[in-house]
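Enquirer: Below: one structure in structure tokens.
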Amino acid sequence: MITGELKSQIDKIWNDFWTGGISNPLTVIEQFTYLIFLKQLDDRQMLYEKDINRLGSSQRKPIYKDNQEALRWSNFKDKDPEVMFDIFTRPKKELNGITAFDFMKTLGADGGKFSEYMKGATFMIPTSKLLDKVVQQIDKLPLEKKDTKGDLYEYMLSKIAEAGTNGQFRTPRHIIRMMVELMEPSEEDTICDPAMGTAGFLVNASQYLHEVHEDWFLEKDFREHYNKKMFNGIEIDPSMMRIASMNLQLHGIENPSLTGGSALAESNETTNQYSLILANPPFKGALDYDEVEKSLLQTTKTKKTELLFLSLILRMLRTGGRAAVIVPDGVLFGSSGAHKNIRKELVEEHQLQGVISMPSGVFKPYAGVSTAILIFTKTNSGGTDNVWFYDMKADGLSLDDKRNLLISEDAFDQVFSEPENIKDEVAGKCDIPNILLDWKTIYQQPSAENYKDRTQQSFLVPKAEIVANDYDLSINRYKEVVYEAVHYDAPKDIIADIKTLDAQRQAAIIELEKMLQS
């Protein structure tokens, strides 16, 4: 967890960007990302030089040539602000006509995965004073520690949401963590997010593996799989691609397989490839039919992105692959042919396992839309038996625009690490412990016997009933509401009570008048 001192350092950097004329939070994150990358390049060059000095050779590749010393972080950070700014903005002949920023963009594969997504990057720090301020502060950050640098970048990303701009890019971190905990990534999993954003799902899956299965990292085969094949993502926005790539790198995932462009486009032909998909695809979008990969339209002919993404996820999963996907409530009960077709596909052709209905405040203050998490396994042969429904009423934060924590930070962490011990303490304020515990019980012992009571938040519904309801998956279709009988007095008794009160009022006025006359 990020410390108070580190948090203050990041807040200072953010404030300096803001007062220096850069107010768009995404631009701040981008410029911050570029400078971190330049420092990391210099750190890698230093490791290469240490190898040469100690051993005479190195298996590492050098980053900078001898005539490019001026472009290195360790060199320009000590220059006067105006000189440093020139190194970033004015190409010089002695440096082969490139700036420090240009160098970062032209590295290619030698610079690692992040440098592959640098095309189109723009240096936007407007003054030498601001550049110097930010460079000096980044130089003091503990970037040598994987956990710390991952935490500081996560904290920086959280400011996208706090700033109230482009908040749609960020799924609440605790909802991401809940979904990862529900799916329990295994050592063989190949994980993908087809609408990656800042790569929150992939990062959290990585953190889960480190926290729960640290022993797996002792095995060479697993490390090889983890570093090269386990993490995959698709993102249409080049800026978000760069931010996501750096987020993954700072969390120790140096070679993820990331693809730029629309996951729904003709160019994406990925089929039967992934064993686990975690996603929060974009809602409310609409594409023309000729923009969409044709096989997706065979499952459900629609222009709505939320339905197309479900079709895509089914295609991208290998048989036996699992998915947890956030969808708007309209997917659950929409009456169009496309809505019904995708629900029927999940129920009849695959194994729909769970529907977690989340409160509308989860995505506030940016959207008040009600959402749900669909949990399913691709089988191509059916398998839906009883579907688990959970009526999530509280997620640990207030459901208004402020989204304040309702429980302590320690308790919020225990929600995931010790759900069985904290569930009673956070009852009524956070349902996540019960969701995790109920899912584990149902997933391991899929019996409807203990989950028949539909007046509760957690219950099972047999497939036959869902089919009979035209594949409607909205929780209100199946949940039973208990109404308490309210007793009202007869009208004549109420009138009598009013007369009595009126008489008492009149008597009080008369008594008051007597007191004033005496």
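Heads up: the sequence shown begins at 720 in the numbering used here, then just goes up one per residue. Ideal Cβ positions, reconstructed from N, Cα and C, are used throughout, including at glycine. Keep in mind the model is a prediction, meaning the values are calculated, not measured.
Within 10 Å of its beta-carbon, does S1079 have 16 or more other beta-carbons around it, so buried, or fewer, so exposed?
Expert: Exposed, since its Cβ has fewer than 16 Cβ neighbours within 10 Å.
Enquirer: Under 8 Å, do Q787 and F822 count as touching if we go by C-beta distance?
Expert: Contact: yes.
Enquirer: Given V1088, which residues of its chain have a CB within under 6 Å of its CB, disregarding the five upstream and five downstream residues?
Expert: Around V1088: P1047.
Enquirer: Taking the C-alpha atoms as reference points, what is the distance between G883 and P1084?
Expert: Confidence at G883 is low in this model, with a pLDDT of 44, below 50, so its placement is unreliable and the value that follows should be read with caution. When rounded, the distance between both Cα atoms is 8 Å.
Enquirer: Considering only the alpha carbon of each residue, which of K864, G740, A1204, M902 lies closest to Q1072?
Expert: Nearest of K864, G740, A1204, M902 to Q1072, Cα basis: M902.
Enquirer: If we count the other Cβ atoms within 10 Å of its Cβ and call it buried at 16 or more, is G661 buried or exposed?
Expert: No statement about residue 661 is possible, as the shown extent of the chain runs from 720 to 1237 and does not include it.
Enquirer: Counting along the chain, where does the beta strand (DSSP E) carrying V1046 start and finish?
Expert: Per DSSP, V1046 belongs to the beta strand (DSSP E) from 1036-1047.
Enquirer: According to the Cβ coordinates, are Y1190 and K1063 closer than 8 Å?
Expert: Against a cut-off of 8 Å, the Cβ pair of K1063 and Y1190 comes out as a contact.
Enquirer: Quick check: the Cα distance between H1058 and E1184, rounded to an integer number of angstroms?
Expert: Cα to Cα, H1058 sits roughly 18 Å from E1184.
Enquirer: Just to confirm my understanding: we take F1028, look at its own chain, exclude 5 residues before and 5 after, and list those with CB closer than 6 Å. What are they?
Expert: The answer, listed in chain order, is P1000.
Enquirer: By Cβ distance, which residues of its chain are closer than 6 Å to P975, with the 5 residues on each side in sequence left out?
Expert: Hits under 6 Å: F950, L967.
Enquirer: Using beta-carbon positions only, say whether D857 and K947 come within less than 8 Å of one another.
Expert: It should be noted that the sequence gives Ile, not Asp, for residue 857. Contact: no.
Enquirer: Compute the Euclidean distance between the alpha carbons of V1205 and G1040, then round it to the nearest angstrom.
Expert: When rounded, the distance between both Cα atoms is 50 Å.
Enquirer: If we ignore side chains and look at the alpha-carbon of each, how far apart do D940 and E907 end up?
Expert: Cα-Cα distance, rounded: 10 Å.
Enquirer: With a threshold of 16 other CB atoms inside 10 Å of the CB of R809, please say whether the residue is buried or exposed.
Expert: By the 10 Å Cβ count, R809 comes out exposed.
Enquirer: Assess contact between the segment 1210-1223 and the segment 1132-1149, defined as three or more Cβ pairs (one per stretch) separated by less than 8 Å. Is contact present?
Expert: With the cut-off at 8 Å, the segment 1210-1223 and the segment 1132-1149 do not touch.
Enquirer: Please list the segments of the beta strand (DSSP E) lying wholly inside the segment 1079-1144, counting only runs of 3 or more residues, in order along the chain.
Expert: If we require 3 residues or more, the beta strand (DSSP E) runs fully inside the segment 1079-1144 come out as 1090-1096, 1105-1110.
Enquirer: For N951, name the three-state secondary structure that DSSP assigns.
Expert: If DSSP states are grouped into helix, strand and coil, N951 belongs with the strands.
Enquirer: Which class does V1205 belong to by DSSP, given the choice of helix, strand or coil?
Expert: Three-state DSSP puts V1205 in coil, outside helix and strand.
Enquirer: Quick one: Cα of T1103 to Cα of L1065, how far?
Expert: Using only the alpha carbons, I get a separation of about 8 Å.
Enquirer: Taking the straight line between their C-alpha atoms, what separation do you get for E930 and I894?
Expert: Each residue's Cα considered, the two are about 18 Å apart.
Enquirer: Answer with buried or exposed for I1229, where buried requires no fewer than 16 other C-beta atoms within 10 angstroms of its C-beta.
Expert: By the neighbour-count rule (16 or more Cβ atoms within 10 Å), I1229 is not buried but exposed.
Enquirer: With a threshold of 7 Å on Cβ separation, who are the neighbours of L969 within its own chain once the five nearest residues in sequence on each side are excluded?
Expert: Contacts found: K868, G869, Y872.
Enquirer: Runs of 3 residues minimum, wholly inside the segment 1142-1200: which ones carry the beta strand (DSSP E) assignment?
Expert: Here the runs fully enclosed are 1177-1181.
Enquirer: Among residues of its own chain, excluding the 5 on either side of F1135, which ones have a beta-carbon nearer than 7 Å to its beta-carbon?
Expert: Here the set comprises R896, E900.
Enquirer: At 3 residues or longer, what runs of the beta strand (DSSP E) sit wholly inside the segment 886-940?
Expert: Counting whole runs of 3 or more residues, the segment 886-940 contains the beta strand (DSSP E) stretches 910-912.
Enquirer: Quick check on the DSSP output: the alpha helix (DSSP H) that includes K728 runs from which residue to which?
Expert: The question names Lys, but residue 728 in the sequence shown is Gln. From DSSP, the alpha helix (DSSP H) with Q728 extends over 723-738.
Enquirer: How is the alpha helix (DSSP H) around T752 delimited, first residue to last?
Expert: First-last of the alpha helix (DSSP H) with T752: 744-774.
Enquirer: Between which two residues does the beta strand (DSSP E) containing Q1070 stretch?
Expert: From DSSP, the beta strand (DSSP E) with Q1070 extends over 1070-1077.
Enquirer: Who are the near neighbours of V1201 in its chain, counting only those whose CB is closer than 6 Å to its CB and skipping five residues on each side?
Expert: Counting only Cβ-Cβ distances below 6 Å, and skipping sequence neighbours, we find T1174.
Enquirer: From the DSSP secondary-structure annotation, give me the bridge partner or partners of G979.
Expert: Looking at the DSSP assignment, G979 forms a beta bridge with E954.
Enquirer: Consult DSSP for I817 and reduce its assignment to one of helix, strand or coil.
Expert: Reduced to three states, the DSSP call for I817 is strand.
Enquirer: From this set, L790, S777, E1128, which residue's C-alpha is nearest F807's C-alpha?
Expert: Measuring from the Cα of F807, the nearest candidate turns out to be L790.
Enquirer: Using 10 angstroms around the beta-carbon of Y1170, count the other beta-carbons present and answer buried if the total reaches 16, otherwise exposed.
Expert: Buried, by the Cβ-count rule.
Enquirer: Tell me the rounded alpha-carbon separation between K1097 and L1156.
Expert: Rounded to the nearest angstrom, the two C-alpha atoms are 23 Å apart.
Enquirer: Have a look at W792 and S1100 and give me their C-alpha separation to the nearest angstrom.
Expert: Using only the alpha carbons, I get a separation of about 57 Å.
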